[in-house]
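See below for the structure under consideration.
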Ligand SMILES: Cc1ncc(C[n+]2csc(CCOP(=O)(O)OP(=O)(O)O)c2C)c(N)n1
Ligand SMILES: Cc1ncc(C[n+]2csc(CCOP(=O)(O)OP(=O)(O)O)c2C)c(N)n1
Ligand SMILES: [Mg+2]
Ligand SMILES: [Mg+2]
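Laid out in C-alpha cells, this is it:
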C-alpha cells in the first residue's frame, strides 16, 4: 500500500464527511429512540482518527474507548454495520450485542470499543507486546481521552510499554473535558504531554483540528516505531462539538469556546486547503457531502430492516467451544 | 516541642540501635518459629524513618507499607508491643490480629502497616485531605518502596494530592529492589524522583544512609508544607541488608553491593559524626548499644509471657457497634 | 407524608446528614459542579460549598482509598461511584482497606464510610456497565450492604448508613431514581435500621423474597397471581443484604412453606443462594417445596434490548417459579 | 506413575504447554529470574528464555490487561498472580475485559488466557493476604474456574486450562504446593477436563463435597468417621467450580441422601451456597436432612494462629456438621 503522503486526501475528506453525517443521523435516531443505552458522538474530532488511519497501515492494531463510531468507520467498517450495531441488530459490527460503546470489527483490525475508562490501555500494550513477540512490523494505535490519564490502568500500561519497548502510539484525544470536568480540574499538570516523560516515553503535541498535521506527525512517529520498536505519546488537541453523551446539555462550557473551535473545523479546513490547491471544486465537495449523507441515510434503512439477534443464541456468546489444536 | 535541629542526635542514634537490635532478635525468633506469616526486616534503612521522625512532629500522620517494625518503634511504640505483635499476642500493638505486616498504634500516630503494595498511598492522601479539611497544621508522611511506584494506586494518589494541594510528603524508600526485581527492571525511568514531575510535585533525592541529611532535607520540606499545604516527593536512597523477607536468600544481588552499602552504615556513620564532634564517647555508645540489646531481649520475654487474644473475642473485631452521636 | 422520587429521597438524606455533621463530606466524579451524573447530588455544591462537595478525576481507586484514609482520622466520607460497575477498579480499596482495618489494627481503627451509587443492570448499557455487585460485596466480612427499593427506604437507609461507624455500601438503582413514593415530611428524622427486612405485602401461599429493582416486579406479580391464579403471595423486601434479616425470612416462610427468591444479580453464588441455604438449614421441615430462584441468566449482558430482557428476571419467569413451588 | 509434589506437577504442566505451543507465554511478578515467589516456575526462564518467561513490575492490573490484549490477537498468555489476593487490584481486567469480550464483540474475540496462582488462606498472612476468591470469580459469566487438590489434578487441570479457548482461573493452594501424590509419567499426556468432579472416596451414609485445601481435610475426617462413628462418608472433590459437575453431585447425593459441603471460602454467598441451592432444587425429595456447610467464619482473617485456626474449616467443625445431618 502507498506511503501515507500519497494517500488521497480527497478520499480522507469524504471519510470525515461520512463520519460526521453518520453521527448526525445517529443522534437523530437516538432522539427517535431507535438507539438505546449511552451514545457518545465524535463530531468535531474527525481529523484525529482520520489522520491516524491515513498515517498507519490498515493492519496496524487500533483500539479506542467508547466514543468509537468514527474509529470503526475510519477503519473500513461500513456505515450499515455501524448503524445496525446502534440499533442492536444482528447485522451490526458486534452483532447487536455490543452497542454504541462496544464496536468491534476483527476483519478491519478494529479491536474495540471499550467502555471502562482507561481499561483498554493495558489491552493495547498487550496487543503491541504480541506483535513484538511475533516479530511483526506492526504498530498499535491506542486512543483514549484526557480523562483516562488519571486512571491506574493508564499508568501501569505506560510504564510496561516503556519497560518492554513496545511498538505503540498512545494517542490522547484531548478535547479539554471528561464529561463536565475540564483538564485543569482533573489533572495536576500543565500539559498532558508532560506525563509521558515520567515513563521515559517521547511525547508530541498535535493540533487535532488539522488533518494534515495529525497525519504527518503521526506518520513520522509510526515510521520511527516500525524501524525500532518503542512507545510514543501524542497529545492531540481537539474538541467535541456535542455534549459528552446524548443526555448531556454541556452547560459547563461556553458558547464562545465552541464557536472558537468551529472556526477551525477539520472538514472546512481540509476542504479549504484542497480547494486552494485546486485539488477540489465546490461541485466535487458537494457531491462528496451528498454521497456521505446518502450513505448515512441508507444505513438507517439498512439497520431498520435488519433482523434482531436470535433469542435462541443468547447462550452462545458466553464461552467458545474447543481448545487449541 | 523543639525544632528538629535541636532534637538530641544521641537519642536518635539509640533509636536506630534499638530498631536494629530489635529486628536482629525478631529474625532470631522467626527462625525459632515463634513468629508466623511473612516478616520483612528494615536493617540498613534505619536512618530513613528516624530522620523523618526527627524532622516531623509526633502528631504528624505517619503511614507505611509492610516493612513497618521500625516505623512503629520510631514513633514510640514500645519494643514489647512490637515483639508481642510478631508473636501474635494480645499485648501486641495490633492486639495480635495484624502481625508483622499490619502494625498499628493510634496513640503514637502510626497509621499502619499496609501489606498490599501501594494501596496505602491513597489512604495517606485521605489523611492529608482530612487535616486540610480541618485546617490543621499537620503533615502526612507516607512511606513506600521503589516497587510501589508502578501501581495504579500510587499514580492516582499523587495526581489527587497535587490537584487538591494536600499537605503530604511521599517518601519513596528506594532500596534498589522490589523482592528480586531491581528498579531498572521495574521502572521505565532513569531516576524515580522524575516521576513526581508528572504530577507537578516537587521532588528531592536524599541519601538514606545519612541520618542528618534525611532529617535536614525532610525538615525543610515539611516546614514549607506547614506554611503552605502542598505535596512533595522524596526519593530516599537506601539499602536493606537482609533478604526481602525471612524466606529470601537474596541471591539476585552481589556481595560487593551489600558490602559497599555496609561501609556507609547509618549507625556507624552517625556514631562517627558524634564522636568526631565530641558529643559521644565509645563508652557512651557501648552503653546505648547494650541498652538497645537489653530492651530487645526483654521484649522477647514480654512477648513470650503475654496472653493470646481470647478466642471468644473472635467476632468482636468485624464491626463496631453504635453510630455517630 | 409526601410523595417524592427515589432521587429526591437520596438527595434529602445527603443534605440532612451534611447539615447535621460537619465531618460528613461527599466525594466522587461529577458530584459537585455537574450536580451528579444522575442528579442525586443536585444543589449540594451550592448549599455546602466545594470544601464538602468534591469533584474528582476518574480515579476510583484513588478517591475510594482517600475516603478510607480520611475515615481513619475521624471524617465520615460519602464516596459516590458513578455506577458500581466502576467500583471494580477500586475493588481492592473496598474489600481490603475498608473492611479489614478494624481487625488488622486490633480494634483501633473503625472506618465510618459510605460507598453509594447505582448498582445492577440499567437499560441497554452492555456487559461492562451492567454489573450487579451485591453478592460480591456481601461475601466480604466487615462490609454492610443495603439495597433500597422505595424512596422511603432510600432516604432512611442512606441516613443510617452515613451514621453507621462501619463501612456501608448503599446500592441504589438507576431504574428507580425517578420512581415515586410516600415519605415522611422533611422535618421528620427518618432512620431505617440496617438488617431489617420489610413485609411489602401480606400473603399466605408463598413467600417472594426480593430487593431493589425486583421489589416492584414482585409486587406486580403478586397482584397478578392473586387475580389470575388465586395464589396469595407474601412479598418480603430484604432492604439489607448484610446484615440479613433471617428472622423475618423464617417467620414468613414458616407461614407459607413455599419460597421464591427473585434477585437482580447473577445466579452463581448470588444473594438468593445464601438466602436459600439459610432457610433450608434452619427450617428444612417447614418447606413444602424446593426453594426456587429467579436471577439473571448466567451470561454477560447483551446490548440488544430483547436479549437484555431475556437475561433479566421478569414477570413470566417469576410466575413460572411460583407455580413450580405451588405445584399448580 | 511417579510420586511428585503439587508444585512439580504445576511446573511440568507449564513446561509441557510452553514446549507444545509457541503462542503460550508466562508473565508475572518474579516468575523468571526469581523462579517464582513459590518456585512454581522453577527453571522455565533457563529453558524458554526471557521472550516467553517475563518478569513484570508490581502492576497486576497492567499485566493482566496485557494478557487479555495479547489473547485478543492470538497469543495464549499464562498470567501468574503471586497470590489471588493481589488479583483484586486487577479485578476489572479479570471480570470485565477477559469474560465480556466474546459477548461484546458478537463472538469475534475469544480470550484464551489462563490466570493462575495460589488462592485462599495460607498460614498467618493476615486479612489482606488470605482471600479465597473462588466464589467471587464464579459469579462472573464467561470465566471458568478450577481448584486442584492433588498433584495429578493440578497438572491435568492446568494443562487443560492453558489449551482452553476461554479465560480460565486456576486457583492453586499455597498450603498444597509441597504435598505429594502419584502422577502419570512425564511422557503421558495428562489432560483433565474442566467440569468433572472426582469421587475421591466411596461411601454410603453422607456425601462430603469439597475442593482444594478442604479435600485432604474431608478425606481425613471420612476415615475418622468410619472408625469412630461407623459413618460411611463419600468424598466428592469438585475440582472445577465452574463449570460445576452437578451430575456427579446429584448422583452421590441421590445415593447418600445427606450432604455436607466443606469449603475454604467465606460463607456469605460462598461456593457451598450455590451447590446447596442446586441440590435442593433438583432432588429436594431425595434429601433426608438439611444441607450443612462448613466454611470460614465470616470475619476478616486474624494473624494470631489460634484465631486463624478458629476461622478456618477444621475436622471438629466438619465432624459436627456430619453428625448433624446424620442425626447422630
Ligand atoms: C472507570 C470508569 N469510571 C467512570 C466512567 C464513566 N465515564 C464514562 S466516559 C467518562 C469521561 C471520560 O472523558 P475522556 O476520557 O476525556 O473521554 P471523552 O469522553 O472526552 O472522549 C466517564 C467519567 C467509566 N466509564 N469508567
Ligand atoms: C498488589 C501487590 N502485589 C504484589 C505483592 C507482593 N509483594 C509484597 S512486597 C513486594 C515487593 C515490594 O518492593 P518495594 O515496594 O520496593 O518495597 P521493599 O520490599 O523494598 O521495602 C511484592 C511484590 C503485594 N503485597 N501487593
Ligand atoms: Mg475528553
Ligand atoms: Mg524496594
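Protein chains in written order, with my numbering: chain A, 55 to 379; chain B, 55 to 379; chain C, 324 to 651; chain D, 324 to 651.
All C-beta atoms, glycine included, are put in the ideal place defined by N, C-alpha and C.
Please confirm whether any heavy atom of ligand 4 lies closer than 8 Å to the CB of residue 95 of chain B. no
Start-end ranges of the beta strand (DSSP E) lying completely within the segment 565 to 592 of chain D, minimum 3 residues: 582 to 585
Can the beta-carbon of residue 373 of chain A be found closer than 9 Å to that of residue 467 of chain D? yes
In whole angstroms, what separates the C-alpha of residue 455 of chain C from that of residue 566 of chain C? 18 Å
Against chain D, with Cβ distances strictly below 9 Å, would residue 663 of chain C count as a contact? An answer regarding residue 663 of chain C cannot be provided, because it is not within the stretch 324 to 651 covered by chain C.
Exposed unless 16 or more other CB atoms sit within 10 angstroms - verdict on residue 446 of chain C: exposed
Is the distance from the Cβ of residue 596 of chain C to the Cβ of residue 458 of chain C below 9 Å? yes
Thinking residue 449 of chain D and residue 153 of chain B are a contact (beta carbons under 8 Å), I'd like their distance in whole angstroms, please. 5 Å
Any beta carbon of chain A sitting closer than 9 Å to that of residue 210 of chain B? yes
From D/539, D/348, D/484 and D/518, residue whose alpha carbon lies closest to that of residue 504 of chain D: D/539
Can you determine whether any heavy atom of ligand 4 sits closer than 8 Å to the C-beta of residue 230 of chain B, and answer yes or no? yes
Could you spell out the range, first to last residue, of the beta strand (DSSP E) harbouring residue 118 of chain B? 115 to 118
So, at 7 Å on beta carbons, what are the nonlocal neighbours of residue 75 of chain A in its own chain, with the 5 sequence-adjacent residues on each side left out? 346, 347 and 350
Under 8 Å from any heavy atom of ligand 6, does the C-beta of residue 122 of chain A make it? Inclusion of ligand 6 in the displayed structure is not the case, the ligand content consisting of ligand 1, ligand 2, ligand 3 and ligand 4 alone.
Assign residue 221 of chain A to one of three DSSP states: helix, strand, or coil. coil
Determine whether the beta carbon atoms of residue 617 of chain D and residue 641 of chain D lie at a separation below 9 Å. yes
With a Cβ-Cβ cutoff of 9 Å, do residue 180 of chain B and residue 493 of chain C count as a contact? no
Nearest chain A C-beta to residue 251 of chain B closer than 9 Å, yes or no? yes
Residue 393 of chain C and residue 187 of chain B closer than 9 Å at C-beta: yes
Any heavy atom of ligand 4 inside 8 Å of the beta-carbon of residue 201 of chain B? yes
Could you give the C-beta distance for residue 252 of chain A and residue 252 of chain B, rounded to a whole number, given that I count them as a contact under 8 Å? 3 Å
Counting pairs of beta carbons, one from the segment 166 to 175 of chain A and one from the segment 114 to 123 of chain A, are three or more of them closer than 8 Å? yes
Output, in chain order, the set of chain A residues within a Cβ distance shorter than 9 Å of residue 384 of chain C. 205 and 206
Answer yes or no: the CB of residue 353 of chain D versus the heavy atoms of ligand 4, is any distance below 8 Å? no
Can you give me the C-alpha to C-alpha distance between residue 571 of chain C and residue 560 of chain C, rounded to a whole angstrom? 10 Å
Tell me, to the nearest whole angstrom, how far the beta carbon of residue 548 of chain C is from that of residue 556 of chain C; I am working on the premise that it is less than 8 Å. 5 Å
Between residue 435 of chain C and chain D, is any beta-carbon pair separated by less than 9 Å? no
Could you have a look at residue 208 of chain B and say whether DSSP puts it in helix, strand or coil? helix
Below-9 Å beta-carbon distance, residue 137 of chain B vs any chain C residue: no
How many Å lie between residue 256 of chain A and residue 254 of chain B at the Cα? 18 Å
Assuming residue 21 of chain A contacts residue 325 of chain A under a Cβ cut-off of 8 Å, what Cβ separation, rounded to an integer in Å, is found between them? Coverage of chain A is limited to positions 55 through 379, which leaves residue 21 of chain A absent and any answer about it impossible.
Listed in chain order, which residues of the segment 394 to 410 of chain D have Cβ atoms closer than 9 Å to some Cβ of chain G? No chain G is present in this structure, whose protein chains are A, B, C and D.
With 9 Å set as the bound, which would you pick, yes or no: does the beta-carbon of residue 551 of chain D sit closer than that to a beta-carbon of chain A? no
Using 8 Å as the Cβ pair cut-off and three pairs as the minimum, do the segment 478 to 485 of chain C and the segment 422 to 429 of chain C touch? no
Report the three-state DSSP secondary structure of residue 145 of chain A (helix, strand or coil). coil
Rounded straight-line distance, which links the Cα of residue 462 of chain C to that of residue 155 of chain B: 24 Å
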